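>
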Ligand SMILES: Nc1nc2c(c(=O)[nH]1)N[C@H]1C(S)=C(S)[C@@H](COP(=O)(O)OP(=O)(O)OC[C@H]3O[C@@H](n4cnc5c(N)ncnc54)[C@H](O)[C@@H]3O)O[C@H]1N2
Ligand code: MOO
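Residue numbers (my numbering): 2 to 397.
1) Grab the span of the beta strand (DSSP E) containing residue 187 for me, first residue to last.
2) Report yes if the CB atom of residue 205 is closer than 8 Å to the CB atom of residue 223, and no otherwise.
3) Looking at C-alpha atoms only, which residue of 89, 94, 117, 96 is the closest neighbour of residue 406?
4) Looking at residue 291 and residue 245, is the spacing between their C-beta atoms short of 8 Å?
5) Are residue 366 and residue 303 close, meaning C-beta to C-beta below 8 Å?
6) Within the region 61-101, note down every full beta strand (DSSP E) run reaching 3 residues or more, in order along the chain.
7) Can we count residue 281 as close to ligand 1, meaning its CB is less than 7 Å from some heavy atom?
8) Which whole-angstrom value describes the C-beta separation of residue 98 and residue 110, a residue pair presumed to lie in contact below a C-beta threshold of 8 Å?
9) So the alpha helix (DSSP H) residue 122 belongs to, where does it begin and stop?
10) Taking 8 Å as the cut-off, decide whether the C-beta atoms of residue 8 and residue 319 are in contact.
11) Are residue 395 and residue 325 close, meaning C-beta to C-beta below 8 Å?
12) Out of 229, 67, 216, 32, which one is the CA nearest neighbour of residue 133?
13) With DSSP run on the structure shown, which of helix, strand or coil describes residue 127?
14) Let me check you understand the geometry: is the CB of residue 187 closer than 7 Å to at least one non-hydrogen atom of ligand 1?
15) Tell me whether the beta-carbon of residue 125 lies closer than 8 Å to the beta-carbon of residue 78.
16) Using the Cα positions of residue 336 and residue 266, report the straight-line distance between them to the nearest angstrom.
17) Taking only the alpha-carbon atoms, compute the straight-line gap between residue 71 and residue 141 and give it to the nearest angstrom.
18) DSSP on residue 204, reduced to helix/strand/coil?
19) Could you tell me if the beta carbon of residue 365 falls within a distance shorter than 7 Å of some heavy atom in ligand 1?
20) Give me, in chain order, the residues of the same chain whose beta-carbon lies closer than 6 Å to that of residue 313; leave out the 5 immediate sequence neighbours on both sides.
What follows is the structure in structure tokens.
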């Protein structure tokens, strides 16, 4: 038998196939409310100063520091300036104006006396303590001057960045367009979740699993389809997918059975379908249909999810500016065996700095995978790892 392709070799092949598409840096405008987690493609710049005007930091009295230097002192109050005061007000020397937090500071005032440091009296307000010039006054531009970049390009937009953009009065931001991913699940026996099962049928796991993995990796799931093992139906779904997607991911139909619909349709189009030295995730394929990369994953749900995580997650995350999910080294909590010649990705749970294998190696063990938070990476040449040995662990 010819030497099987390694995981790294297959990863390089997928990167070469998908890379050019993902390298396109198209951008789109989105409203701030839809921009969380997206990556800014242009800087957000404030045209005006922030804050836009000099305003009060405390509920209290606008004053002149010189007038309250002799505190305690009683001064007359000429009125109240609410927040959103539209007309400029002027403070007369020796007087006070009541102000609310956020209200414009009247011309002539140079400090705010917090209300707690005053007492109402006949004929005015007693200022109990001296207040420094500038106290509790927020100057225009004290946060950002006009022209300041409030969010740099390439920033992954967190709530604090959206807050800064909103403060700058920006309603929409330019963000990198997400890669559009289509998922084609296959299998005559596969029916949508919610449908009753006849003997031999199984609920579709790969549709939701792969599309949500894609979304989690920063992509947009533009189409999720499920076709029986009928080449004509799969061909139609494939054509719909390549019309709307930057990347098509198929699941199932790539191994050695009689009804391998993905092979049947894609091999005549030049697909490369092979068995790689990996478990789960042995049968794998790649193709290009009308210029759109197609990555064919095995149908077993654990195999499909692990394959996506190993091959496509790094590429999608990098394309949208998300940080890579890096492997970590840690001791193994319980010894394990692994078939030689295949790189194993066993499911595990990280606890107290060690990784505990969960479930067995079977690629139908979906519930066991739900309880895992990491993949234990066992190299091809290793067939046994002892308790306490260091292993490489890829977070899920
Ligand atoms: N003679 C051989 N048989 C198999 C080999 C092999 O080398 N020689 N490889 C095995 C391995 S490893 C895997 S993985 C599977 C991959 O097969 P396919 O990619 O062709 O997938 P299917 O046969 O369509 O399905 C496999 C398995 O997964 C279930 N499945 C499929 N799609 C879904 C879905 N959307 N949701 C839930 N479950 C799904 C399906 O019912 C099968 O049980 O081939 C082995 N066989
Ligand atoms: O290698 Mo297949 O992808 O699990 O069970």
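Cβ coordinates follow ideal geometry from the N, Cα and C atoms, glycine included. Note that this is a predicted model, so its numbers are computed, not measured.
Once the coordinates are examined:
1) Numbered from 1 along the chain shown, position 186 holds the residue referred to as residue 187. It spans 181-187 - the beta strand (DSSP E) in which residue 187 sits, taken as one unbroken run.
2) Position 204 of the chain shown holds residue 205. Position 222 of the chain shown holds residue 223. Not a contact, by the Cβ cut-off of 8 Å.
3) An answer regarding residue 406 cannot be provided, because it is not within the stretch 2 to 397 covered by the chain.
4) Taking the chain shown and counting its residues from 1, one reaches residue 245 at position 244. Taking the chain shown and counting its residues from 1, one reaches residue 291 at position 290. Not in contact: residue 245 and residue 291 (Cβ atoms no closer than 8 Å).
5) The residue given as residue 366 occupies position 365 in the chain shown. The residue given as residue 303 occupies position 302 in the chain shown. In contact: residue 366 and residue 303 (Cβ atoms closer than 8 Å).
6) 61-64, 74-76, 78-82, 97-100
7) Locating residue 281 in the chain shown gives position 280, counting from the first residue. Checking the Cβ of residue 281 against ligand 1 gives yes.
8) Taking the first residue of the chain shown as 1, we reach residue 98 at position 97. Taking the first residue of the chain shown as 1, we reach residue 110 at position 109. Yes, residue 98 and residue 110 are in contact; Cβ-Cβ is about 7 Å, under 8 Å.
9) Along the chain shown, read from residue 1 onward, the residue named residue 122 stands at position 121. First-last for residue 122: 119-122, but that is the beta strand (DSSP E), not the alpha helix (DSSP H).
10) One-based indexing of the chain shown puts residue 8 at position 7. One-based indexing of the chain shown puts residue 319 at position 318. Result no, Cβ atoms of residue 8 and residue 319 do not sit closer than 8 Å.
11) Here residue 395 is taken as the residue at index 394 of the chain shown, counted from 1. Here residue 325 is taken as the residue at index 324 of the chain shown, counted from 1. Going by C-beta atoms, residue 395 is not nearer than 8 Å to residue 325.
12) Mapped onto the chain shown, residue 133 falls at position 132. Cα-wise, what sits closest to residue 133 is 67.
13) Start at 1 with the first residue of the chain shown, and residue 127 comes out as number 126. The answer is strand: DSSP assigns residue 127 an E or B state.
14) In the chain shown, the residue the question calls residue 187 occupies position 186. Yes, the beta carbon of residue 187 sits closer than 7 Å to at least one heavy atom of ligand 1.
15) Here residue 125 corresponds to residue number 124 of the chain shown, with the count starting at 1. Here residue 78 corresponds to residue number 77 of the chain shown, with the count starting at 1. For residue 125 and residue 78, yes; Cβs fall inside 8 Å.
16) Locating residue 336 in the chain shown gives position 335, counting from the first residue. Locating residue 266 in the chain shown gives position 265, counting from the first residue. Between residue 336 and residue 266, the C-alpha separation is close to 43 Å.
17) In the chain shown, counting from the first residue as 1, residue 71 sits at position 70. In the chain shown, counting from the first residue as 1, residue 141 sits at position 140. If I take the Cα positions, the gap works out to 29 Å.
18) Mapped onto the chain shown, residue 204 falls at position 203. Correct three-state label for residue 204: strand.
19) By one-based count along the chain shown, residue 365 stands at place 364. Result yes, Cβ under 7 Å from ligand 1.
20) To locate residue 313, count along the chain shown from 1; it is residue 312. Closer than 6 Å at Cβ, skipping near neighbours: no residue.
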